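Residue numbers (my numbering): -10 to 426.
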Amino acid sequence: MSSSPVSAPPSPAAPPSEPSRSPWRSLRHRSMRWWSVANFVSNAGTWMQLTVQNLLVLQITGSAAATGLSMSVQAAPALLISVFGGAAVDRWPRKLTAAVSQALLGAVAFVTALMVALDRLDMGSLMVLAAVTGVIATVDGPACSLLGNDLVPREDVPSAIGVGALVHQAGRLTGAALAGVTVGFLGTAAAYAANGLSFLFVASVIPFLRPARGAIRHAGAAEERGAQDTMSVREGLAFFARRPRLLALAGVTGVSAVFGRNYQLTLAVLVTGPLAGGAGSFGTVSTVLAVGGIVGAVLGARLRRPSVRVVGALAAAGGLLQVVAGLSPSLAVLLVMVLPMAVVESVSDTAGTAVLQTDPPAHMRGRVLGVWGSIGTVWGLGGPPALGLLMELAGARGALIAGGLVIAGTIGASHLLRERRAAVPRVSPVANLETAA
(Lines of atoms letter the chains of each structure in order from A and count residues from 1; the text may use other names and numbers.)
(Lines give C-alpha, C1' and ligand atoms only; values in the text may rest on other atoms or scores of the structure.)
Protein backbone atom coordinates (compact mmCIF):
# COMPACT_ATOMS: atom_id res chain seq x y z
CA MET A 1 0.00 0.00 0.00
CA SER A 2 1.57 3.26 -1.11
CA SER A 3 1.45 6.29 1.08
CA SER A 4 0.54 9.62 -0.35
CA PRO A 5 3.21 12.27 -0.06
CA VAL A 6 2.70 14.77 2.71
CA SER A 7 2.22 18.19 1.22
CA ALA A 8 4.15 21.03 2.74
CA PRO A 9 2.09 23.69 4.46
CA PRO A 10 1.44 26.65 2.18
CA SER A 11 3.88 29.46 2.68
CA PRO A 12 2.38 32.71 3.82
CA ALA A 13 1.68 35.13 1.03
CA ALA A 14 4.31 37.76 0.67
CA PRO A 15 3.04 41.19 1.64
CA PRO A 16 2.52 43.51 -1.32
CA SER A 17 5.54 45.62 -1.97
CA GLU A 18 5.23 49.25 -0.99
CA PRO A 19 5.16 51.53 -4.06
CA SER A 20 8.43 53.35 -4.51
CA ARG A 21 8.57 56.95 -3.28
CA SER A 22 12.07 57.55 -4.55
CA PRO A 23 12.37 60.91 -6.31
CA TRP A 24 14.39 59.14 -9.01
CA ARG A 25 11.89 56.34 -9.66
CA SER A 26 11.01 57.68 -13.14
CA LEU A 27 14.64 57.12 -14.19
CA ARG A 28 14.24 53.35 -13.88
CA HIS A 29 12.61 53.56 -17.32
CA ARG A 30 15.21 53.57 -20.08
CA SER A 31 13.43 56.06 -22.33
CA MET A 32 13.04 58.50 -19.45
CA ARG A 33 16.78 58.36 -18.84
CA TRP A 34 17.46 59.21 -22.47
CA TRP A 35 14.83 61.95 -22.40
CA SER A 36 16.44 63.50 -19.29
CA VAL A 37 19.85 63.54 -20.96
CA ALA A 38 18.35 65.14 -24.07
CA ASN A 39 16.55 67.73 -21.95
CA PHE A 40 19.75 68.61 -20.13
CA VAL A 41 21.59 69.16 -23.41
CA SER A 42 18.71 71.24 -24.78
CA ASN A 43 18.36 73.36 -21.62
CA ALA A 44 22.08 74.03 -21.51
CA GLY A 45 22.00 75.16 -25.14
CA THR A 46 18.92 77.32 -24.61
CA TRP A 47 20.34 79.12 -21.60
CA MET A 48 23.63 79.59 -23.41
CA GLN A 49 21.76 81.29 -26.26
CA LEU A 50 19.62 83.43 -23.92
CA THR A 51 22.71 84.65 -22.10
CA VAL A 52 24.51 85.43 -25.34
CA GLN A 53 21.40 87.04 -26.85
CA ASN A 54 21.15 89.56 -24.02
CA LEU A 55 24.82 90.44 -24.46
CA LEU A 56 24.34 90.68 -28.22
CA VAL A 57 21.41 93.10 -27.90
CA LEU A 58 23.45 95.25 -25.54
CA GLN A 59 26.32 95.17 -28.02
CA ILE A 60 24.09 96.19 -30.94
CA THR A 61 22.01 98.86 -29.17
CA GLY A 62 23.76 99.70 -25.91
CA SER A 63 20.30 99.79 -24.32
CA ALA A 64 19.05 97.73 -21.39
CA ALA A 65 15.49 98.58 -22.42
CA ALA A 66 16.08 96.97 -25.81
CA THR A 67 17.25 93.82 -24.01
CA GLY A 68 14.01 93.67 -22.09
CA LEU A 69 12.06 94.32 -25.30
CA SER A 70 13.68 91.34 -27.05
CA MET A 71 12.68 89.09 -24.15
CA SER A 72 9.10 90.43 -24.23
CA VAL A 73 8.86 89.86 -27.99
CA GLN A 74 9.87 86.24 -27.50
CA ALA A 75 7.35 85.78 -24.66
CA ALA A 76 4.44 87.62 -26.31
CA PRO A 77 3.27 84.74 -28.57
CA ALA A 78 2.57 82.65 -25.45
CA LEU A 79 0.00 85.22 -24.38
CA LEU A 80 -1.77 85.31 -27.74
CA ILE A 81 -1.59 81.87 -29.32
CA SER A 82 -0.72 79.32 -26.63
CA VAL A 83 -4.26 77.90 -26.83
CA PHE A 84 -3.74 77.18 -30.53
CA GLY A 85 -0.35 75.60 -29.85
CA GLY A 86 -1.94 73.36 -27.23
CA ALA A 87 -4.67 72.36 -29.67
CA ALA A 88 -2.02 71.40 -32.22
CA VAL A 89 -0.30 69.22 -29.62
CA ASP A 90 -3.60 67.39 -28.99
CA ARG A 91 -4.36 66.86 -32.66
CA TRP A 92 -0.94 65.80 -33.96
CA PRO A 93 1.17 62.78 -32.95
CA ARG A 94 3.09 63.82 -29.86
CA LYS A 95 6.52 62.47 -30.79
CA LEU A 96 6.34 63.87 -34.32
CA THR A 97 5.21 67.27 -33.02
CA ALA A 98 8.03 67.47 -30.48
CA ALA A 99 10.66 66.33 -33.00
CA VAL A 100 9.55 68.81 -35.68
CA SER A 101 9.33 71.73 -33.23
CA GLN A 102 12.81 70.95 -31.91
CA ALA A 103 14.17 70.79 -35.46
CA LEU A 104 12.55 74.14 -36.30
CA LEU A 105 14.03 75.75 -33.19
CA GLY A 106 17.40 74.36 -34.26
CA ALA A 107 16.95 75.88 -37.72
CA VAL A 108 16.24 79.31 -36.21
CA ALA A 109 19.38 79.02 -34.08
CA PHE A 110 21.50 78.09 -37.12
CA VAL A 111 20.09 80.99 -39.16
CA THR A 112 20.94 83.37 -36.31
CA ALA A 113 24.45 81.92 -36.05
CA LEU A 114 24.98 82.42 -39.80
CA MET A 115 23.76 86.02 -39.69
CA VAL A 116 26.04 86.78 -36.74
CA ALA A 117 29.01 85.18 -38.51
CA LEU A 118 28.33 87.24 -41.65
CA ASP A 119 27.75 90.40 -39.58
CA ARG A 120 24.24 90.76 -41.02
CA LEU A 121 22.26 90.66 -37.79
CA ASP A 122 20.59 93.92 -36.78
CA MET A 123 17.98 94.68 -34.15
CA GLY A 124 15.05 94.28 -36.54
CA SER A 125 16.05 90.81 -37.73
CA LEU A 126 16.86 89.76 -34.17
CA MET A 127 13.35 90.74 -33.08
CA VAL A 128 11.81 88.77 -35.95
CA LEU A 129 13.84 85.69 -35.05
CA ALA A 130 12.87 86.07 -31.37
CA ALA A 131 9.19 86.26 -32.35
CA VAL A 132 9.48 83.17 -34.55
CA THR A 133 11.14 81.32 -31.66
CA GLY A 134 8.27 82.34 -29.38
CA VAL A 135 5.67 81.08 -31.85
CA ILE A 136 7.37 77.69 -32.22
CA ALA A 137 7.71 77.47 -28.42
CA THR A 138 3.92 77.62 -28.00
CA VAL A 139 3.84 74.17 -29.58
CA ASP A 140 7.19 72.86 -28.40
CA GLY A 141 6.60 73.61 -24.70
CA PRO A 142 3.46 71.51 -24.13
CA ALA A 143 4.60 68.84 -26.61
CA CYS A 144 7.89 68.20 -24.80
CA SER A 145 6.32 68.47 -21.32
CA LEU A 146 3.65 65.90 -22.11
CA LEU A 147 6.01 63.65 -24.05
CA GLY A 148 8.09 63.14 -20.90
CA ASN A 149 4.96 62.20 -18.94
CA ASP A 150 3.89 59.79 -21.69
CA LEU A 151 7.03 57.73 -21.06
CA VAL A 152 6.26 56.73 -17.45
CA PRO A 153 3.29 55.25 -15.52
CA ARG A 154 0.88 57.71 -13.93
CA GLU A 155 2.26 57.20 -10.42
CA ASP A 156 5.74 58.17 -11.66
CA VAL A 157 4.63 61.45 -13.29
CA PRO A 158 5.52 63.59 -10.20
CA SER A 159 8.99 62.03 -10.28
CA ALA A 160 9.31 62.81 -13.99
CA ILE A 161 8.30 66.43 -13.33
CA GLY A 162 10.72 66.72 -10.40
CA VAL A 163 13.56 65.25 -12.44
CA GLY A 164 12.65 67.69 -15.22
CA ALA A 165 12.92 70.60 -12.76
CA LEU A 166 16.36 69.41 -11.66
CA VAL A 167 17.45 69.02 -15.28
CA HIS A 168 16.19 72.54 -15.98
CA GLN A 169 18.20 74.01 -13.10
CA ALA A 170 21.32 72.05 -14.02
CA GLY A 171 21.00 73.06 -17.68
CA ARG A 172 20.51 76.70 -16.70
CA LEU A 173 23.66 76.78 -14.59
CA THR A 174 25.68 74.89 -17.18
CA GLY A 175 24.45 76.98 -20.11
CA ALA A 176 25.15 80.29 -18.38
CA ALA A 177 28.68 79.10 -17.52
CA LEU A 178 29.35 77.78 -21.04
CA ALA A 179 28.13 81.01 -22.65
CA GLY A 180 31.09 83.04 -21.44
CA VAL A 181 33.60 80.32 -22.32
CA THR A 182 32.12 79.75 -25.79
CA VAL A 183 31.97 83.45 -26.68
CA GLY A 184 35.48 84.03 -25.31
CA PHE A 185 37.11 81.25 -27.33
CA LEU A 186 34.87 80.70 -30.36
CA GLY A 187 32.71 83.81 -30.71
CA THR A 188 29.00 84.63 -30.45
CA ALA A 189 28.00 82.69 -33.57
CA ALA A 190 29.37 79.49 -32.03
CA ALA A 191 26.99 79.80 -29.07
CA TYR A 192 23.98 79.96 -31.39
CA ALA A 193 25.33 77.06 -33.45
CA ALA A 194 25.84 74.99 -30.29
CA ASN A 195 22.21 75.62 -29.33
CA GLY A 196 21.14 74.53 -32.80
CA LEU A 197 23.05 71.27 -32.36
CA SER A 198 21.40 70.72 -28.97
CA PHE A 199 17.94 70.95 -30.59
CA LEU A 200 18.95 68.50 -33.32
CA PHE A 201 20.22 66.09 -30.67
CA VAL A 202 16.83 66.11 -28.96
CA ALA A 203 15.04 65.66 -32.30
CA SER A 204 17.24 62.64 -33.07
CA VAL A 205 16.52 61.01 -29.68
CA ILE A 206 12.72 61.37 -29.80
CA PRO A 207 11.99 58.65 -32.43
CA PHE A 208 13.67 56.02 -30.24
CA LEU A 209 11.67 56.76 -27.07
CA ARG A 210 9.25 54.03 -25.99
CA PRO A 211 6.56 54.37 -23.28
CA ALA A 212 6.96 52.15 -20.23
CA ARG A 213 4.31 49.59 -19.29
CA GLY A 214 1.41 51.37 -17.61
CA ALA A 215 2.06 54.72 -19.27
CA ILE A 216 -0.98 56.60 -20.50
CA ARG A 217 -1.17 56.50 -24.25
CA HIS A 218 -1.73 59.81 -26.01
CA ALA A 219 -4.09 58.59 -28.71
CA GLY A 220 -4.61 54.88 -28.34
CA ALA A 221 -8.37 54.53 -28.02
CA ALA A 222 -10.69 55.13 -30.90
CA GLU A 223 -12.90 57.42 -28.84
CA GLU A 224 -9.91 59.62 -28.00
CA ARG A 225 -9.03 59.90 -31.65
CA GLY A 226 -12.59 60.86 -32.39
CA ALA A 227 -12.50 63.49 -29.66
CA GLN A 228 -9.34 64.92 -31.13
CA ASP A 229 -11.07 65.33 -34.47
CA THR A 230 -14.12 67.12 -33.06
CA MET A 231 -12.92 69.22 -30.13
CA SER A 232 -11.99 72.80 -30.97
CA VAL A 233 -9.93 75.41 -29.18
CA ARG A 234 -13.15 76.95 -27.86
CA GLU A 235 -14.21 73.62 -26.37
CA GLY A 236 -10.79 73.33 -24.76
CA LEU A 237 -11.29 76.71 -23.10
CA ALA A 238 -14.76 75.63 -21.96
CA PHE A 239 -13.30 72.41 -20.53
CA PHE A 240 -10.83 74.40 -18.45
CA ALA A 241 -13.56 76.78 -17.25
CA ARG A 242 -15.80 73.88 -16.16
CA ARG A 243 -13.05 72.07 -14.24
CA PRO A 244 -13.19 73.22 -10.58
CA ARG A 245 -9.79 71.71 -9.75
CA LEU A 246 -8.09 73.59 -12.59
CA LEU A 247 -9.83 76.84 -11.68
CA ALA A 248 -8.78 76.42 -8.05
CA LEU A 249 -5.20 75.67 -9.15
CA ALA A 250 -5.24 78.79 -11.34
CA GLY A 251 -6.47 80.89 -8.42
CA VAL A 252 -3.86 79.58 -5.98
CA THR A 253 -1.04 79.97 -8.47
CA GLY A 254 -2.23 83.40 -9.56
CA VAL A 255 -2.38 84.95 -6.09
CA SER A 256 1.02 83.40 -5.28
CA ALA A 257 2.55 84.68 -8.51
CA VAL A 258 1.33 88.26 -8.04
CA PHE A 259 1.93 88.74 -4.30
CA GLY A 260 4.91 86.43 -3.81
CA ARG A 261 7.47 84.34 -5.67
CA ASN A 262 9.16 87.31 -7.36
CA TYR A 263 11.92 87.03 -4.81
CA GLN A 264 14.62 88.24 -7.19
CA LEU A 265 12.80 91.58 -7.06
CA THR A 266 11.53 91.85 -3.47
CA LEU A 267 14.55 90.33 -1.77
CA ALA A 268 16.95 92.40 -3.88
CA VAL A 269 15.29 95.59 -2.62
CA LEU A 270 15.15 94.26 0.97
CA VAL A 271 18.82 93.22 1.04
CA THR A 272 20.23 96.36 -0.58
CA GLY A 273 17.81 98.67 1.28
CA PRO A 274 16.67 98.00 4.87
CA LEU A 275 19.31 95.32 5.50
CA ALA A 276 22.10 97.51 4.06
CA GLY A 277 23.69 94.71 2.07
CA GLY A 278 25.44 94.84 -1.27
CA ALA A 279 25.52 92.88 -4.50
CA GLY A 280 27.54 90.13 -2.82
CA SER A 281 24.92 89.72 -0.10
CA PHE A 282 22.14 89.40 -2.65
CA GLY A 283 24.29 86.91 -4.55
CA THR A 284 24.37 84.79 -1.41
CA VAL A 285 20.57 85.04 -1.10
CA SER A 286 20.19 84.01 -4.76
CA THR A 287 22.44 81.00 -4.21
CA VAL A 288 20.33 79.88 -1.22
CA LEU A 289 17.19 80.31 -3.35
CA ALA A 290 18.69 78.08 -6.04
CA VAL A 291 19.71 75.43 -3.51
CA GLY A 292 16.22 75.49 -2.00
CA GLY A 293 14.70 75.09 -5.45
CA ILE A 294 16.78 71.98 -6.10
CA VAL A 295 15.92 70.48 -2.69
CA GLY A 296 12.25 71.23 -3.29
CA ALA A 297 12.32 69.58 -6.69
CA VAL A 298 13.72 66.40 -5.12
CA LEU A 299 11.06 66.42 -2.38
CA GLY A 300 8.31 67.17 -4.91
CA ALA A 301 9.42 64.22 -6.99
CA ARG A 302 8.60 61.94 -4.02
CA LEU A 303 4.89 62.81 -4.26
CA ARG A 304 2.66 60.09 -5.68
CA ARG A 305 -0.77 61.72 -5.87
CA PRO A 306 -0.45 65.51 -5.69
CA SER A 307 -3.64 67.50 -5.25
CA VAL A 308 -4.81 71.11 -5.39
CA ARG A 309 -5.24 70.97 -1.61
CA VAL A 310 -1.54 70.14 -1.24
CA VAL A 311 -0.63 72.99 -3.60
CA GLY A 312 -2.81 75.41 -1.63
CA ALA A 313 -1.41 74.34 1.74
CA LEU A 314 2.15 74.75 0.49
CA ALA A 315 1.37 78.15 -1.06
CA ALA A 316 -0.21 79.36 2.21
CA ALA A 317 2.83 78.12 4.15
CA GLY A 318 5.07 79.95 1.71
CA GLY A 319 3.07 83.12 2.28
CA LEU A 320 3.55 82.88 6.05
CA LEU A 321 7.28 82.25 5.60
CA GLN A 322 7.36 85.33 3.37
CA VAL A 323 5.83 87.38 6.21
CA VAL A 324 8.56 86.23 8.60
CA ALA A 325 11.21 86.99 5.96
CA GLY A 326 9.84 90.52 5.66
CA LEU A 327 10.32 90.96 9.42
CA SER A 328 13.94 89.71 9.33
CA PRO A 329 16.15 92.04 11.40
CA SER A 330 19.38 90.89 9.75
CA LEU A 331 20.78 89.16 6.68
CA ALA A 332 21.55 86.03 8.73
CA VAL A 333 17.91 85.64 9.77
CA LEU A 334 16.79 86.27 6.20
CA LEU A 335 19.06 83.50 4.91
CA VAL A 336 17.54 81.09 7.44
CA MET A 337 14.06 81.92 6.11
CA VAL A 338 14.93 81.96 2.40
CA LEU A 339 15.82 78.27 2.23
CA PRO A 340 12.42 76.92 3.40
CA MET A 341 10.67 79.56 1.26
CA ALA A 342 12.41 78.23 -1.85
CA VAL A 343 11.81 74.59 -0.86
CA VAL A 344 8.08 75.14 -0.31
CA GLU A 345 7.74 77.05 -3.58
CA SER A 346 9.51 74.33 -5.55
CA VAL A 347 7.46 71.48 -4.03
CA SER A 348 4.27 73.46 -4.68
CA ASP A 349 5.29 74.03 -8.31
CA THR A 350 6.01 70.33 -8.83
CA ALA A 351 2.69 69.31 -7.26
CA GLY A 352 0.78 71.89 -9.30
CA THR A 353 2.41 70.83 -12.55
CA ALA A 354 1.59 67.19 -11.80
CA VAL A 355 -2.09 68.07 -11.23
CA LEU A 356 -2.17 70.19 -14.38
CA GLN A 357 -0.71 67.44 -16.53
CA THR A 358 -2.64 64.47 -15.10
CA ASP A 359 -6.09 65.81 -14.17
CA PRO A 360 -7.44 66.31 -17.73
CA PRO A 361 -8.05 63.29 -19.99
CA ALA A 362 -5.10 62.45 -22.24
CA HIS A 363 -6.64 63.93 -25.40
CA MET A 364 -7.21 67.32 -23.67
CA ARG A 365 -3.86 67.90 -21.99
CA GLY A 366 -2.29 69.92 -24.79
CA ARG A 367 -5.21 72.34 -24.78
CA VAL A 368 -5.11 72.65 -21.01
CA LEU A 369 -1.38 73.45 -21.11
CA GLY A 370 -2.10 75.96 -23.85
CA VAL A 371 -4.65 77.77 -21.69
CA TRP A 372 -2.24 77.61 -18.78
CA GLY A 373 0.52 79.11 -20.93
CA SER A 374 -1.60 82.16 -21.67
CA ILE A 375 -2.60 82.55 -18.00
CA GLY A 376 0.99 82.15 -16.83
CA THR A 377 2.18 84.80 -19.29
CA VAL A 378 -0.35 87.25 -17.85
CA TRP A 379 1.01 86.58 -14.38
CA GLY A 380 4.58 86.85 -15.59
CA LEU A 381 3.98 90.21 -17.27
CA GLY A 382 1.65 91.69 -14.66
CA GLY A 383 3.12 90.37 -11.40
CA PRO A 384 6.43 92.32 -11.25
CA PRO A 385 4.87 95.75 -12.03
CA ALA A 386 2.11 95.17 -9.44
CA LEU A 387 4.66 94.11 -6.86
CA GLY A 388 6.87 97.07 -7.74
CA LEU A 389 3.94 99.42 -7.15
CA LEU A 390 3.28 97.74 -3.79
CA MET A 391 6.92 98.27 -2.82
CA GLU A 392 6.66 101.93 -3.80
CA LEU A 393 3.70 102.31 -1.45
CA ALA A 394 4.75 100.05 1.45
CA GLY A 395 8.47 99.45 1.02
CA ALA A 396 10.22 96.11 0.61
CA ARG A 397 9.29 94.86 4.09
CA GLY A 398 5.70 96.00 3.72
CA ALA A 399 5.38 94.34 0.31
CA LEU A 400 6.68 91.02 1.63
CA ILE A 401 4.49 91.12 4.73
CA ALA A 402 1.33 92.33 2.97
CA GLY A 403 1.82 89.96 0.05
CA GLY A 404 2.35 86.98 2.32
CA LEU A 405 -0.74 87.81 4.36
CA VAL A 406 -2.82 88.18 1.19
CA ILE A 407 -1.64 84.76 -0.06
CA ALA A 408 -2.23 82.93 3.22
CA GLY A 409 -5.47 84.78 3.95
CA THR A 410 -6.98 84.25 0.51
CA ILE A 411 -6.16 80.54 0.43
CA GLY A 412 -7.31 80.03 4.02
CA ALA A 413 -10.61 81.86 3.44
CA SER A 414 -11.25 79.88 0.27
CA HIS A 415 -10.64 76.61 2.10
CA LEU A 416 -13.01 77.54 4.93
CA LEU A 417 -15.69 78.60 2.46
CA ARG A 418 -15.35 75.33 0.59
CA GLU A 419 -15.57 73.30 3.80
CA ARG A 420 -18.67 75.23 4.89
CA ARG A 421 -20.38 74.60 1.56
CA ALA A 422 -19.53 70.91 1.76
CA ALA A 423 -21.00 70.70 5.27
CA VAL A 424 -24.40 72.11 4.23
CA PRO A 425 -26.77 69.11 3.78
CA ARG A 426 -28.41 68.91 0.39
CA VAL A 427 -32.10 67.98 0.52
CA SER A 428 -33.59 66.56 -2.66
CA PRO A 429 -36.92 67.88 -4.00
CA VAL A 430 -38.48 64.42 -3.40
CA ALA A 431 -37.55 64.59 0.29
CA ASN A 432 -39.11 68.05 0.55
CA LEU A 433 -42.38 66.73 -0.92
CA GLU A 434 -42.42 63.77 1.49
CA THR A 435 -41.83 66.08 4.45
CA ALA A 436 -44.65 68.37 3.37
CA ALA A 437 -47.00 65.40 2.97
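Heads up, the beta-carbon is just placed ideally off N, CA and C, and yes, glycines get one too. On a predicted model such as this, the values are computed, not experimentally measured, just so you know.
Limits of the unbroken alpha helix (DSSP H) element including residue i
i, result
"ALA239", "233 to 248"
"PHE197", "First-last for PHE197: undefined, no H or E at that position."
"GLY262", "Note, GLY262: premise wrong, no alpha helix (DSSP H); not H, not E."
"SER31", "19 to 50"
"LEU376", "354 to 412"
"LEU278", "268 to 289"
"PRO329", "320 to 347"
"SER90", "83 to 106"
"LEU310", "297 to 315"
Cβ-based burial, residue i [other Cβ within 10 Å; buried from 16]
i, result
"ARG202", "exposed"
"THR290", "The residue asked about is misnamed: residue 290 is Ala in this sequence, not Thr. When all chains shown are included, ALA290 counts as buried."
"THR276", "exposed"
"ARG231", "exposed"
"VAL117", "exposed"
"GLY315", "buried"
"ALA180", "buried"
"SER337", "buried"
"SER61", "exposed"
"GLN63", "buried"
"SER245", "buried"
"PRO349", "buried"
"GLY262", "exposed"
"GLN253", "exposed"
"THR339", "buried"
"GLY371", "exposed"
"GLN42", "buried"
"LEU264", "buried"
"ALA397", "buried"
"ARG356", "buried"
"GLY267", "exposed"
"SER319", "exposed"
"ALA154", "buried"
"GLY225", "buried"
"ARG410", "exposed"
"ALA227", "exposed"
Residues that residue i bridges to, as DSSP identifies them
i, result
"PRO142", "ALA204"
Whole-Å CB distance - residue i paired with residue j, under 8 Å assumed
i, j, result
"GLY130", "PRO66", "Not confirmed; about 11 Å, so no contact."
"VAL300", "VAL72", "Going by Cβ atoms, the distance from VAL300 to VAL72 rounds to 23 Å, so no, they are not a contact pair."
"PHE197", "GLY34", "No, PHE197 and GLY34 are not in contact; Cβ-Cβ is about 20 Å, not under 8 Å."
"LEU140", "PRO200", "5 Å"
"ILE400", "ALA305", "4 Å"
"THR366", "LEU68", "4 Å"
"LEU238", "VAL297", "5 Å"
"GLY249", "GLY369", "No, GLY249 and GLY369 are not in contact; Cβ-Cβ is about 14 Å, not under 8 Å."
"VAL191", "GLN38", "VAL191 to GLN38, Cβ: 14 Å. No contact."
"LEU324", "THR273", "7 Å"
"ASN251", "HIS157", "The pair is not a contact, with the Cβ atoms about 18 Å apart (cut-off 8 Å)."
"ALA375", "VAL247", "6 Å"
"PRO147", "ARG293", "7 Å"
"MET326", "VAL313", "5 Å"
Within-8 Å CB hit, residue i to chain D
i, result
"HIS157", "Within the model displayed, chain D is absent; a lone protein chain is all it includes."
Any non-hydrogen atom of the ligand MN closer than 7 Å to residue i Cβ
i, result
"ILE195", "Ligands displayed in this structure: none; no statement on the ligand MN is therefore possible."
Handout entry: Given 8 Å, three or more beta-carbon pairs between the region 162 to 172 and the region 102 to 118
Key = In the pairwise beta carbon analysis, the region 162 to 172 is classified as not touching the region 102 to 118: fewer than three pairs are separated by under 8 Å.
Practice task
Kindly confirm or deny that the region 16 to 30 and the region 127 to 141 touch, where touching means at least three C-beta pairs closer than 8 Å.
Solution key: Yes, they touch.
Practice task
Taking 8 Å as the threshold, find out whether the region 330 to 338 comes into contact with the region 281 to 292 through three or more Cβ pairs.
Solution key: Yes, the region 330 to 338 touches the region 281 to 292.
Problem - Three or more C-beta pairs below 8 Å linking the region 375 to 393 and the region 75 to 91 - result: With a cut-off of 8 Å on Cβ pairs, the region 375 to 393 is not in contact with the region 75 to 91, counting fewer than three such pairs.
Handout entry: Stretch pair the region 94 to 107 + the region 384 to 395: three plus CB contacts closer than 8 Å
Key = No: fewer than three Cβ pairs fall under 8 Å.
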